[in-house]
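Q: Let me begin by handing over the structure; questions about it come next.
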Amino acid sequence: MEVLHGPIRDYAWGSRSALARLQGRPVPSAGPEAELWLGAHPGAPAEVERDGVRVSLGELLVAEPTYWLDSEGVRRFGTRLPFLLKVLAAAAPLSLQAHPDAAQARAGYAAEAGRADGPRNYVDPYHKPELLVALSPFEALCGFRDPRVSAEVLAAFGVPALAPVVAALRDGPDGLRTAVRTLLTWPDRQRAALVAAVLAAPVAGPDAELARDLAADYPADPGVLVALLLNHVRLAPGEAIWMPAGNLHAYLRGCGVEIMAASDNVLRGGLTPKRVDVDELVRVLRFEVLDEPVLAPRPVSPGVSTWPVPVDDFALHRVEVAAAVPTVRLPVPGPRVVLCVAGELRVDDGAGSVGLRTGQAAVGPAVAGPLVVHGTGEAFVATAG
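Numbering (our numbering), first residue to last: 349 to 733.
Written out as structure tokens, the structure reads:
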């Protein structure tokens, strides 16, 4: 194992306390801190210290592929780390978004490869399923709820212009596509009036409160109403949400550990000043009900739990060591990224041993042995699936 230094992305929606507090730095931070990246993604690769010099983990993978990934990993993923581990700290809502599946990403990237200029939807040929585990109370929108419920929610606002959307939603899942497209293609000059009419309705309850909250930042964005078609969930620490390809979602606030396939393909649907390509978003969305978006941790062995997901790009385990379980042995495949989120730990994989405090991370190669963690604290271990 070697210490891994991850960069922090300063997106505007980031918290000025969560990451600073995790890493033991002064609070508040000088500016918003949205994501700590612990991987080899070229957008912001983490670094390993070698002979007093920090070297990009991505460069090390290319220089020593079989050491870091082993021959099977290279065969499956090439000379790239197939996953990206993050700590996400949201003080304000992220955009409504979805990600393509593997076939859509390959086809979209190939179709845009010859484009000389102009905006692109696909910046790489990879899919981007993702899992987020709450470190603090976490609020999110994830996947479509029963559209008949959404129909009654929108009908209660009593806005005549929404009648076609309500009618489509009352058709059930078959009407979701029409409802979403209708809202996202609402005439630009009428958007602010539509949102204002919803906010002016004498309606109380969590949906009206959510609309007011989102409209405070996006008063002319029909994404405020699309958000009301989604499951609104509140996670307790340790609970997770799994977002497969094609599921519309938005993280609203809170801090969590997120793991995803190493891609940057994002199709946005609103609540953002960035570009929205409605046609492409609607093409990749899965217009189906996500009945149970929240995942509870599943025990694996004493001190170890996980959240199983149906992809082979990544797996995530939580390790908790204390007096009752002072040492945990985790025979998961490499490469491995370990993030300490509480306490002080020592992590050993046979190739090296490092001490980690809260907020610190380490990385180990595929050629190393089983991971052994001891001390007192909690860590997340990311691996290929």
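Built from N, CA and C at the ideal position, the CB exists for glycine as well.
Check for me: the beta strand (DSSP E) holding Q445 runs from which residue to which?
A: 444-446
Q: In the DSSP assignment, find the unbroken alpha helix (DSSP H) run with G456 in it and report its ends.
A: 450-460
Q: Considering R705, what are the terminal residues of the beta strand (DSSP E) in which it resides?
A: 701-705
Q: With a 10 Å radius around its C-beta and 16 neighbouring C-beta atoms as the bar for buried, classify T675 as buried or exposed.
A: T675 should be labelled exposed.
Q: When you compare only the Cα positions, how much space is there between V420 and A609?
A: Checking the displayed sequence, the identity of residue 420 turns out to be Glu instead of Val. Roughly 18 Å separates the two Cα atoms.
Q: Secondary structure at T533, three-state DSSP: helix, strand or coil?
A: coil
Q: Figure out for me which residue from G520, A499, P681 has the closest Cα to the Cα of V514.
A: A499
Q: If G712 and R694 are in contact, beta carbons under 8 Å, what's the gap, nearest whole angstrom?
A: In fact, because the Cβ distance is near 13 Å, the residues do not count as touching under 8 Å.
Q: Taking just the CA atoms, how far does R525 sit from Q371?
A: 43 Å
Q: So what does DSSP say about Y470, is it helix, strand or coil?
A: Of the three classes helix, strand and coil, the one that applies to Y470 here is coil, per DSSP.
Q: Between P570, L517, T530, which has its C-alpha nearest V543's C-alpha?
A: Relative to the Cα of V543, the nearest Cα in the group P570, L517, T530 belongs to P570.
Q: So V642 and L583 are supposed to be a Cβ contact under 8 Å. How far apart are they, rounded?
A: 7 Å
Q: Helix, strand or coil for W655? Go by DSSP, reduced to three states.
A: The answer is coil: DSSP assigns W655 none of H, G, I, E or B.
Q: Just list the residues that DSSP pairs K434 with in beta bridges.
A: W385, E606
Q: Can you list, in chain order, the residues of its chain whose CB lies under 6 Å from that of G691, leaving out five sequence neighbours each side?
A: Excluding residues up to 5 positions away in sequence, T724, G725 lie with their Cβ nearer than 6 Å to the Cβ of G691 in the same chain.
Q: By the three-class DSSP mapping on this structure, what secondary structure does G723 have?
A: strand
Q: Taking Cβ positions, are E460 and L600 nearer each other than 7 Å?
A: no
Q: State the Cα-Cα distance for the pair G734 and A575, rounded to the nearest angstrom.
A: The first residue shown for the chain is 349 and the last is 733, placing residue 734 beyond what the model contains.
Q: Please tell me whether R357 and E383 are closer than 7 Å, where the distance is taken between their beta carbons.
A: yes
Q: Assuming contact is defined by CB atoms lying nearer than 7 Å, are R666 and S649 in contact in what I supplied?
A: Not in contact: R666 and S649 (Cβ atoms no closer than 7 Å).
Q: Could you say if the segment 434-454 and the segment 610-622 meet the contact criterion of at least three C-beta pairs nearer than 8 Å?
A: Yes, since at least three Cβ pairs between the segment 434-454 and the segment 610-622 fall closer than 8 Å, the two stretches touch.
Q: Taking the beta strand (DSSP E) that P647 belongs to, which residues open and close that run?
A: Secondary structure note for P647: its beta strand (DSSP E) is the uninterrupted segment 646-649.
Q: Tell me, please, whether the segment 385-399 touches the segment 620-639 by the rule of three or more beta-carbon pairs shorter than 8 Å.
A: No: fewer than three Cβ pairs fall under 8 Å.
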